[in-house]
Amino acid sequence: MPRIGMRHLQMVQMITQTGNVSDAAAILGITQSALSHRIREAERLLSAPLFIRRNKKLAPTSAGERLLHSANIILNEVELAEFDIAKYSAGIEQTLRLGVDHRVGSHWLPDLYQNFNDKVPQAEVELVSDPHPDALYCLRNGRLDVCIMSGAKAQAGFKSLFLLRDELVVVFLPDHEFAHKALIEVEDFNDQVYITDTTTPEYHREYEQVFSPNNTFPKQVVRVGRTDNIIAFIKAGKGISILPKWTLQPYLENSNLKYKSIGPEGFYIDWYAFSRKDEKEGSSCQQLADSLICIFS
-13 MPRIGMRHLQ MVQMITQTGN VSDAAAILGI TQSALSHRIR EAERLLSAPL
37 FIRRNKKLAP TSAGERLLHS ANIILNEVEL AEFDIAKYSA GIEQTLRLGV
87 DHRVGSHWLP DLYQNFNDKV PQAEVELVSD PHPDALYCLR NGRLDVCIMS
137 GAKAQAGFKS LFLLRDELVV VFLPDHEFAH KALIEVEDFN DQVYITDTTT
187 PEYHREYEQV FSPNNTFPKQ VVRVGRTDNI IAFIKAGKGI SILPKWTLQP
237 YLENSNLKYK SIGPEGFYID WYAFSRKDEK EGSSCQQLAD SLICIFS
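All letters in the sequence shown, in the order written, are residues -13 to 283 by the numbering used here.
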């Protein structure tokens, strides 16, 4: 059986990142010839070439890509294990991983950390920002302990705690035409440049609630990723967006941004905290969920 070790996994990862042996060797703290020998050793053990030269850079072959995939998983797990064990030696008995969608904002996090630390001083919270698209999958396999999601449907095997009912509002500059409208109708988006984090329709959010049911869509959609990028584009006069009011609050300070409800009754989303159903009452995970309720209320 081939015996691929940690040094081979690190090698594949570094060469793929840098594209050459000399830079990878420098990062790994070994000589270039030693790393070249390591490549030959791994290829001999696997009976397959791991790299090819492409556009003057080394790129992984199909075999190299497969080994890289495993290397990323294994090295990440080892790093997490080392990090957790270091915490144990410092008196931290448990680390809870909290998955947070960037659209829920972050202004509330310091208060959450303090609230939780007062309740459970022997544990700490590690923030996982923008977790795997299927956050419930991460909960199920233990990569997360609690996650915050908006509008998610209840599913078997998970506890869901209601945190906040939030309004979706349209955000714009004071000189935008929306500033002079008494009421923003869905049809008003037809001739607008819309700034967003995703063009994929998601359950309970603006595409499903606002645009699709009314068969109304902005004339141009610009996808820029995170909320802070959306705000920067709006401030630069590049368009408008729809954001949850809770997410928007910290961006309103020291800015001239304006917002309004959409339609006569408005559109809303609900934020929930999800955890595994088998968590015991009074556990650290349950205490974290209780702290979230305190902060969001």
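For glycine and all other residues, C-beta sits at the position ideal for the given N, C-alpha and C. Just so you know, these numbers come straight off a predicted model, no measurement behind them.
Would you call the CB atoms of Asp152 and Trp94 closer than 7 Å?
-> With respect to the 7 Å criterion, Asp152 and Trp94 are not classified as neighbours on the basis of their beta carbons.
Count the other CB atoms within 10 Å of the CB of His23; is the residue buried (16 or more) or exposed (fewer)?
-> exposed
Within the same chain, show all residues whose beta-carbon is closer than 8 Å to that of Asp97, passing over the 5 residues directly before and after it, in chain order.
-> Ile281
Pick out whichever of Gly268, Ile279, Phe260 and Asn176 has its Cα sitting closest to the Cα of Leu130.
-> Phe260
Complete runs of the beta strand (DSSP E) confined to the stretch 157 to 201 [at least 3 residues] = 179 to 182
Through-space distance from Ser92 to Leu82, alpha-carbon basis = If you take the alpha carbons of Leu82 and Ser92, they lie about 17 Å apart.
Quick one: complete alpha helix (DSSP H) runs, 4+ long, within the stretch 211 to 237?
-> 213 to 221
For the stretch 100 to 115 against the stretch 240 to 248, are there 3 or more C-beta pairs whose distance is under 8 Å?
-> no
Measure the C-alpha to C-alpha separation of Ser33 and Gln18 and round it to an integer number of angstroms.
-> 22 Å
Across which residues does DSSP place Val132 in a beta bridge pair?
-> Leu84 and Ser261
Report the option in Ala218, Ile220, Asn176 and Arg209 whose CA atom is closest to the CA atom of Asn200.
-> A check of alpha carbon separations from Asn200 across Ala218, Ile220, Asn176 and Arg209 identifies Asn176 as the nearest.
Return the bridge partner residues of Phe148 from the DSSP annotation.
-> Tyr258
With distances taken from CA atoms, which of Leu21, Arg(-11) and Glu63 is nearest Leu31?
-> Arg(-11)
Residue of Arg191, Val(-2), Arg52 and Ile59 minimising C-alpha distance to Phe253 | Ranking the options by Cα distance to Phe253, first place goes to Arg191.
Is it true that the CB of Leu274 sits closer than 7 Å to the CB of Val90?
-> no
In the DSSP assignment, find the beta strand (DSSP E) that holds Ala142 and state where it starts and stops.
-> No beta strand (DSSP E) holds Ala142; DSSP gives it neither H nor E.
Under 8 Å Cβ to Cβ from Leu54, same chain only, skipping five residues before and after it: list those, please.
-> These residues qualify, in order along the chain: Val(-2), Gln(-1), Thr2 and Pro46.
Cβ-based neighbour list, Leu278, same chain, cut-off 8 Å, excluding 5 preceding and 5 following = Leu98, Val132, Ile134, Leu147, Leu149 and Ala259
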